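Here is the structure we will look at.
Protein chains in written order, with the numbering used here: chain A, 2 to 262; chain B, 6 to 250.
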């Protein structure tokens with residue numbers, strides 16, 4: 002029993018160590034030539050452009066649902082005029098960044114983990130190494146960099162869609178004009194409510210990219226490894242995004258005290 | 006062992022273990038320059054891993070592997086890349102990069118590892134694709150190619166840097182007899198100017214191409230010699246592999 006525990010502990014520590022080394026290598030190689038810009042662009046298209054329909058649809062649906070939920074309660078207290086501002090702030094500060102990150106973790110994270118694991122299983126990674134090309138630099142770094150860049154952009158789209166569907170919902174229910182909605186929505190919003198929370202998603206992107214690539218690149222179990230890599234990528238990156246969110250929100254509060262709602 | 010100027014590849018008491026299973030035990034043999042050796046053996050006897058050890062995709066627990074006088078087991082980074090560039094590797098399932106077209110699969114090593122212009126790269130790829138009979142398929146993705154075409158494409162990629170040593174893992178696996186024979190013809194065409202190590206189950210093809218056979222049995226080198234000499238070997242497994250395949 003004790004031996005089993007010790008083996009588990011050793012394996013756990015080894016996994017932490019290897020993931021930490023993997024992360025350090027990503028950071029180091031991201032600043033080392035060649036910069037693989039064509040492959041970064043390829044990944045940006047795949048991760049960003051192809052995630053856009055999911056982000057837009059989710060943003061529109063969430064914006065609509067949030068307005069429907071909040072307006073009943075706020076109207077009870079005669080605070081219907083606050084609906085646009087609450088909608089806007091909640092999307093900019095938390096809903097947009099976190100939901101976009103979790104959606105990307107699901108769509109992109111699973112895809113990255115599975116595709117790298119499949120490349121490992123089908124000897125494509127070995128083939129790259131056999132050609133004297135650094136497979137880590139070619140396959141891992143562009144994916145992480147693209148994820149790092151794509152997430153703030155996708156978050157901005159999600160914020161925009163959330164606010165837009167919030168307006169449409171309010172417009173149909175209370176006939177509010179676009180101008181009045183925007184005036185009310187942005188009356189209490191400062192740049193610090195938008196920029197730091199959006200930029201924090203770059204960290205989420207880094208986490209999703211690194212975690213997914215770690216599970217995909219380091220697997221060595223054939224077809225079973227592909228399944229495990231996809232599942233572990235989503236579970237672990239979602240979990241770490243949530244943990245990172247708590248930490249980053251606290252840091253943002255310290256750096257921009259005005260953003261605390 | 007490494008000093009012979011006529012030796013391209015030399016394995017010197019190489020052993021390899023995976024977990025608790027010892028796959029290769031104390032393997033020693035060498036391949037002469039422009040010589041072709043076919044590695045035969047039953048499934049799971051460490052044939053493919055021998056090729057991966059030679060190109061340093063994995064390291065042995067014991068022993069040395071000399072490539073043109075460099076011990077590849079001791080090399081890292083640029084020194085390892087320099088030695089690896091002398092070798093081409095045709096993987097069992099071709100291992101084409103599925104996110105790139107056939108043209109880009111071949112262009113990748115040329116763009117990365119040489120100073121050649123776009124025009125020169127274009128010419129080399131055209132020549133190599135013509136050589137393997139895939140001139141009309143350069144814009145296809147790997148998933149659009151048949152098994153035989155993938156093998157030829159894999160061979161084209163292995164040849165694009167004009168390697169001195171060609172490592173070939175199961176060139177005929179999963180192919181019909183005629184297609185396998187076409188791959189054999191392509192390998193025969195390389196024979197005069199390339200050192201080749203071919204892992205194969207197909208004794209008929211191997212007999213056409215190989216100068217010598219190396220037969221592995223239970224991780225050990227059971228026999229090494231000309232095919233006709235091994236037909237009368239003491240070891241029954243060797244005899245059966247050489248005679249029946």
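Note that CB positions come from ideal geometry on N, CA and C, so glycine has one too. None of these values were measured; they are calculated from a predicted model.
Taking C-alpha positions only, residue 13 of chain A is separated from residue 22 of chain A by approximately 14 Å.
In terms of Cβ geometry, residue 64 of chain A and residue 156 of chain A do not form a close pair [threshold 8 Å]. Residue environment: residue 238 of chain B is assigned as buried (16 or more neighbouring CB atoms within 10 Å of its CB, all protein chains considered).
With a minimum length of 4 residues, the unbroken runs of alpha helix (DSSP H) contained wholly in the stretch 101 to 161 of chain B fall at 107 to 118, 123 to 136.
With a threshold of 16 other beta carbon atoms within 10 Å, residue 149 of chain B falls short and is exposed. DSSP, read as helix, strand or coil, puts residue 57 of chain B in helix. At a cut-off of 8 Å between C-beta atoms, residue 96 of chain B counts as an interface residue with respect to chain A. For residue 234 of chain B, the number of other beta carbons within 10 angstroms of its own is below 16, and it is reported as exposed.
Taking a Cβ-Cβ threshold of 9 Å, the residues of chain A close to residue 102 of chain B are 120, 125, 128, 129, in chain order. Approximately 36 Å separates the beta-carbon atoms of residue 89 of chain A and residue 231 of chain A; this is outside 8 Å, ruling out the contact. Counting only runs of 4+ residues, the alpha helix (DSSP H) found wholly inside the stretch 26 to 87 of chain A occupies 38 to 48, 53 to 77, in chain order. With a contact defined as Cβ atoms closer than 8 Å, residue 91 of chain B and residue 72 of chain B qualify at about 6 Å. Taking 8 Å as the cut-off, the beta carbon of residue 129 of chain B is found closer than this to the beta carbon of residue 165 of chain B. Contact between the stretch 107 to 123 of chain B and the stretch 62 to 77 of chain B is absent: fewer than 3 CB-CB pairs across the two stretches fall below 8 Å.
At the C-beta level, residue 27 of chain A and residue 141 of chain A come within 8 Å of one another. In the displayed model, residue 79 of chain B falls within a helix according to three-state DSSP. Residue 104 of chain A does not reach chain B, its nearest Cβ partner there being about 23 Å away, counting only Cβ pairs nearer than 9 Å.
By the Cβ neighbour-count rule, residue 216 of chain A is buried, with 16 or more other Cβ atoms within 10 Å of its own. For residue 105 of chain A, no beta strand (DSSP E) run applies; the uninterrupted alpha helix (DSSP H) run containing it begins and ends at 97 to 105, by DSSP. Residue 228 of chain B is bridged by DSSP to B:220. When the alpha-carbon of residue 71 of chain A is set against those of A:60, A:86, A:58, the nearest one is in A:86. The C-alpha of residue 17 of chain B is placed about 28 Å away from the C-alpha of residue 99 of chain B. Scanning its chain for C-beta atoms nearer than 6 Å, with the 5 sequence neighbours on each side dropped, one finds around residue 192 of chain B the residues 214, in chain order. Straight through space, the alpha carbons of residue 248 of chain A and residue 122 of chain A are spaced by roughly 36 Å. Under the three-state reduction of DSSP output, residue 18 of chain B falls in the strand class. A Cβ-Cβ contact shorter than 8 Å links residue 139 of chain B with residue 107 of chain B.
Taking a Cβ-Cβ threshold of 7 Å, the residues of chain A close to residue 60 of chain B are 131, in chain order.
Against residue 178 of chain B, chain A offers no close residue; the least beta-carbon distance is about 13 Å (beta-carbon pairs closer than 7 Å). By the neighbour-count definition (other C-beta atoms within 10 Å, threshold 16), residue 256 of chain A is an exposed residue. Taking all protein chains in view, the Cβ of residue 25 of chain A is surrounded by fewer than 16 other Cβ atoms within 10 Å, so the residue is classified as exposed. Residue-level contact by beta carbon holds for residue 118 of chain B and chain A, with a gap shorter than 8 Å. Apart from sequence neighbours up to five positions away, the residues of its chain that approach residue 233 of chain A with a beta-carbon distance below 6 Å are 216, ordered along the chain. Spatial neighbours of residue 163 of chain A in its own chain (CB-CB distance under 8 Å, excluding positions within 5 residues in sequence) are listed in chain order as 60, 61, 63, 64, 67, 88, 92, 96, 97.
Sorting A:75, A:105, A:52, A:137 by C-alpha distance to the C-alpha of residue 33 of chain A places A:137 at the top. Chain B has no Cβ within less than 8 Å of the Cβ of residue 252 of chain A.
Checking the DSSP bridge columns, you'll see residue 234 of chain B has no partner listed.
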